[in-house]
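**Q** Starting off with a structure, shown below.
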Amino acid sequence: MPGDLRAADLRAGGLRAIVAEDQTLLRVGLIRILEAGGIDVVAAVDSADTLAEALTHDDFDVAIVDVRLPPTFTTEGLQTVVRARSTRPDLPVLILSQYVEPLYARELLAAGRGSVGYLLKDRVVDVDGFLAAVRQVAAGGTALDPEVVAGLVNARPLDRLTEREREVLTLMAEGRSNAAIAHRLHITEKAVDKHINNIFTKLDLPPTPDDNRRVLAVLAWLNAG
Amino acid sequence: MRDSFAVGARASWLAPLRAVPARVDRDGFLERLRLTAVSAALAAAGIPALALALVMTGAFPSLLSLTGFLMLWLVVPVAAYLTRAHRAVTTRLLGEPVVAQYADADWRNPVTAIATWARDPVRWRDFAFCWYSGTGGLLMSLVPPVLLVGPAIHVIIGLAQGSVVWTVIASVLIGPSLLVWWFVAEPMVRGRLRADRGILDQSRVQRLQQRVDQVVRSRAETVDHNAAELRRIERDLHDGAQARIAAAGMNVGLAEKLIHTDPDAAAELLREARESTVRALEELRTLVRGIHPPVLADRGLVGGIEALAIPIPIPVTVALRVPRLPGPIESAVYFAVAECLANVAKHAAATRAWVVGEHDGERLRVVVGDDGRGGADPRGDGLAGVARRLAAFDGTLEVTSPVGQGTEVRMEVPCRAI
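Which chain is which? The protein sequence lines are A and B, in order.
Under our numbering, the first residue of the first sequence carries the number 1, and numbering increases by one thereafter.
Under our numbering, the first residue of the second sequence carries the number 1001, and numbering increases by one thereafter.
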């Protein structure tokens, strides 16, 4: 996994993406934003079938997929991605939606290992934040919408954690790096590390030095509820 | 004979009964005369009824023989004709529906037909009615005509036979007889008709059962309709305003990023974003209008329908005398009229159209008509949907659309003004 990270870092400028979005207005907007961020859009599709086909290729680093796609306009995007990840568990996918549903997040997290994102379309408005999320998913990380995380966190009893530990857990689950968490909470990275260790001890999770794996462990624990 | 009475008689003969004042005047006299004639006709109808009753009763013991079988097979439908005529007459005279629903039976097959009839309570009502109409009913109905003309006939008979005593007694009786007639005619006829209704009208339970069935059906349709509407609104929001606002947000976000490096591109993105928000607002307005039009809330049905008529490309005459009605009914009728007018504009090829309506305190009646090509299909998606929507309020919709002769959609909804 660290190897993946480095590889992604190396070609950070030249990421390649697939965009699956049926609404032209939004597809064009997404492509513009991605290209302004230096990410190549190698394929832009507007239906579940064409997406499934595009996902079989190997020429992309991340797929950005709308949950709702033709023909039935329910959750074809999500289902296509979950199917694809059952054969390629590390297929990097960022799901976009006009609403978030913890159930869908659960299905998404259950299929595959990391390299997954689930964001409200609203978040795209924060262009730099969105591009960071795309890169994070491409690099094997996770990017979950705060609304999804809030839903997952609230569903689990966290009485054992302190207020600060809960904040750290929430930010971790959103897929933020230790540095980002430290910056956000105005504490040192060392303090973040200490909180994370406490969280892992209190939740009975096996300690691991790797950021990404720690996030996955936390998500798996949240998801188990 | 009963048929000719029901169909052929002048409408005024069968006008609903009304209270007749005891005061002696021309109007009261004519009304009593009418009721006496009706009573005489009811009495006369008792004779064929008695014949039918005797035949049916006689057929029971011989049911196992072919003759009895065939007799029943022929007579039961005849009895139904008779009672049907009585139901029609009673309905009109009492001003309340007297109805019955026969069980479905294929009369061409005597065996199954008689088997079905035997299990059909309405047929047994027919049987009971024939007996009653030919016996007690007949006697009851004879009272008013006999009181009116009986003594006079006896005077004539007395004169013809040269019997002074007979003539004198009969002449003396004319006065009291007419007096009794004056007070008895109306209650007698009313009593007879109520008895008819008691026998002929389908039982209360059966009618309630039918009503419940109808309510269950219309409720299910309403729920379906509402679910479909909600789904449509969700889709409209998701694909319309929500998507446009998201796109505007993306444009603004990107413009923010580009504003220093590529100000022209940023300005273009902002312009697009502005257009997107305008379009989103338009779509929201359209959607709101489709859920509950503000003009309907402000001005009621009259204003709402006048507003509907404005964008129709042909002249639409709106003549409505309607007070404010409960919101859900205003809404249902508004959308019904909107659908009709949209059909006129889309399909009718009409030169003019009209919306006429009034509320009589109990029911709202609205007619949407045009002079177009006609041939509208009442089972089409739009009109069927309208009918379902009205059915939720016990409303009805009726389409008359002969090819080449325009279309008229008549809606009726029972409701009270607020």
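Cβ atoms here follow ideal geometry from the backbone N, Cα and C, with glycine treated the same way.
Taking the straight line between their C-alpha atoms, what separation do you get for leucine 1109 of chain B and methionine 1071 of chain B?
**A** Reading off the sequence shown, one finds asparagine at residue 1109 of chain B, where the question assumed leucine. The alpha-carbon atoms of asparagine 1109 of chain B and methionine 1071 of chain B are separated by roughly 14 angstroms.
**Q** Is there at least one Cβ from chain A nearer than 8 angstroms to leucine 1014 of chain B's Cβ?
**A** No, no contact with chain A.
**Q** With 8 angstroms set as the bound, which would you pick, yes or no: does the beta-carbon of alanine 1266 of chain B sit closer than that to a beta-carbon of chain A?
**A** Alanine 1266 of chain B does not count as touching chain A.
**Q** Ignoring anything shorter than 3 residues or poking outside the region 1297-1382 of chain B, list the beta strand (DSSP E) runs there in chain order.
**A** Whole beta strand (DSSP E) segments, 3+ residues: 1316-1321, 1353-1359 and 1363-1370.
**Q** What does the alpha-carbon distance come out to for the pair leucine 78 of chain A and threonine 1400 of chain B?
**A** Those two C-alpha atoms are separated by around 50 angstroms.
**Q** Could you check how far apart the C-beta atoms of alanine 63 of chain A and leucine 55 of chain A are, in whole angstroms? I think they sit under 8 angstroms.
**A** 6 angstroms between Cβ atoms; contact.
**Q** If the criterion is Cβ atoms closer than 8 angstroms, does the pair alanine 1079 of chain B and aspartate 1027 of chain B meet it?
**A** Contact flag unset, no.
**Q** With a 10 Å radius around its C-beta and 16 neighbouring C-beta atoms as the bar for buried, classify leucine 10 of chain A as buried or exposed.
**A** No answer about leucine 10 of chain A holds up, because its pLDDT of 46 lies below 50 and its placement is not dependable.
**Q** Does the distance from the CB of valine 1075 of chain B to the CB of leucine 1052 of chain B come in under 8 angstroms?
**A** Yes, Cβ-Cβ distance for valine 1075 of chain B and leucine 1052 of chain B is below 8 angstroms.
**Q** By how many angstroms is the C-alpha of aspartate 1377 of chain B removed from the C-alpha of alanine 1185 of chain B?
**A** Rounded to whole angstroms, alanine 1185 of chain B to aspartate 1377 of chain B spans 50 angstroms at the Cα level.
**Q** For the region 1184-1202 of chain B against the region 1352-1365 of chain B, do three or more pairs of beta-carbon atoms, one drawn from each stretch, fall closer than 8 angstroms, so that the two count as touching?
**A** Touching, no.
**Q** Need the endpoints of the alpha helix (DSSP H) that glycine 117 of chain A sits in, please.
**A** That residue, glycine 117 of chain A, is in no alpha helix (DSSP H); its beta strand (DSSP E) goes 116-120.
**Q** I'd like the list of long-range same chain contacts for glycine 1162 of chain B, defined as Cβ closer than 6 angstroms, with 5 residues on each side in sequence excluded.
**A** For glycine 1162 of chain B, where only same-chain residues beyond five positions count, there are no Cβ hits under 6 angstroms.
**Q** How many angstroms separate the CA atom of glycine 1375 of chain B from the CA atom of arginine 1123 of chain B?
**A** Their Cα atoms are separated by approximately 39 angstroms.
**Q** From the DSSP output, in three-state form, read off valine 1099 of chain B for me.
**A** Valine 1099 of chain B: coil per DSSP, three-state reduction.
**Q** Here's a check: name, in chain order, each residue in its chain whose Cβ is nearer than 6 angstroms to the Cβ of proline 92 of chain A, leaving out the five neighbours to either side.
**A** For proline 92 of chain A, where only same-chain residues beyond five positions count, the Cβ hits under 6 angstroms are Val62, Ser115, Val137 and Ala138.
**Q** Comparing C-alpha positions only, which one of B/Leu1258, B/Arg1279 and B/Pro1048 sits nearest to aspartate 126 of chain A?
**A** Of B/Leu1258, B/Arg1279 and B/Pro1048, the residue nearest in Cα terms is B/Leu1258.
**Q** Which residues, taken in chain order from the region 1233-1249 of chain B, show a beta carbon closer than 8 angstroms to some beta carbon of chain A?
**A** If the cut-off is 8 angstroms between Cβ atoms, the region 1233-1249 of chain B has Arg1235, His1238, Asp1239, Gln1242, Ala1243, Arg1244, Ala1246, Ala1247 and Gly1249 near chain A.
**Q** Please name the residue, chosen from A/Arg164, A/Ala220 and A/His186, that lies closest to isoleucine 196 of chain A on a Cα-to-Cα basis.
**A** Comparing Cα positions, the closest option is A/Arg164.
**Q** Using a Cβ-Cβ cut-off of less than 9 angstroms, give me the residues of the region 27-56 of chain A that come near chain C, in sequence order.
**A** You won't find chain C in this structure, because its protein chains are A and B.
**Q** Hey, quick one: how far does the beta strand (DSSP E) through valine 1413 of chain B stretch, first residue to last?
**A** 1407-1414 is the span of the beta strand (DSSP E), which, as asked, contains valine 1413 of chain B.
**Q** Just list the beta strand (DSSP E) runs in the region 1011-1094 of chain B, keeping only unbroken ones of 3 residues or longer that don't cross its boundaries, in chain order.
**A** For the region 1011-1094 of chain B, not a single whole beta strand (DSSP E) run of length 3 or above is found.
**Q** Are the region 1354-1373 of chain B and the region 1306-1322 of chain B touching by the rule of at least three beta carbon pairs closer than 8 angstroms?
**A** Result yes; three or more Cβ-Cβ pairs closer than 8 angstroms.
**Q** Compare the Cα-Cα distances from glycine 1198 of chain B to each of B/Val1333, B/Gly1382, B/Arg1087 and B/Tyr1081 and report the closest residue.
**A** Of B/Val1333, B/Gly1382, B/Arg1087 and B/Tyr1081, the residue nearest in Cα terms is B/Arg1087.
**Q** I want to verify the contact list: residues of chain B whose CB lies under 7 angstroms from the CB of valine 65 of chain A, in sequence order.
**A** Result: empty, since nearest Cβ-Cβ is about 15 angstroms, beyond 7 angstroms.
**Q** So, are the CB atoms of arginine 1244 of chain B and leucine 158 of chain A less than 8 angstroms apart?
**A** Not in contact: arginine 1244 of chain B and leucine 158 of chain A (Cβ atoms no closer than 8 angstroms).
**Q** With DSSP run on the structure shown, which of helix, strand or coil describes arginine 1108 of chain B?
**A** Of the three classes helix, strand and coil, the one that applies to arginine 1108 of chain B here is coil, per DSSP.
**Q** Answer with buried or exposed for aspartate 1106 of chain B, where buried requires no fewer than 16 other C-beta atoms within 10 angstroms of its C-beta.
**A** Label assigned to aspartate 1106 of chain B: exposed.
**Q** Below 8 angstroms, how does it come out for the region 1301-1317 of chain B and the region 1335-1342 of chain B: are there three or more Cβ pairs, yes or no?
**A** At 8 angstroms Cβ cutoff, the stretches touch.
**Q** In whole angstroms, what is the alpha-carbon distance linking leucine 5 of chain A and glycine 140 of chain A?
**A** Unreliable placement is indicated for leucine 5 of chain A, whose pLDDT of 44 sits below 50; the coordinate value is still reported in the next sentence. Whole-angstrom Cα-Cα distance: 7 angstroms.
**Q** When the cut-off is 8 angstroms and only beta carbons count, does valine 1007 of chain B lie next to chain A?
**A** Note that valine 1007 of chain B has pLDDT 38, beneath the 50 cutoff, so the model's placement of it is unreliable and no number is given.
**Q** Below 8 angstroms, how does it come out for the region 1330-1339 of chain B and the region 1380-1398 of chain B: are there three or more Cβ pairs, yes or no?
**A** Contact holds: three or more Cβ-Cβ distances are below 8 angstroms.
**Q** Whose C-alpha, out of B/Ala1049, B/Leu1142, B/Ala1348 and B/Arg1271, is nearest the C-alpha of threonine 1036 of chain B?
**A** When each option's Cα is compared against that of threonine 1036 of chain B, the closest is B/Leu1142.
**Q** Using the C-alpha atoms, what's the distance from arginine 213 of chain A back to phenylalanine 200 of chain A?
**A** Looking at the two C-alpha atoms, the distance is approximately 12 angstroms.
**Q** Could you tell me whether any Cβ in chain A is nearer than 8 angstroms to the Cβ of leucine 1254 of chain B?
**A** Answer yes: the Cβ-Cβ gap between leucine 1254 of chain B and chain A drops below 8 angstroms somewhere.
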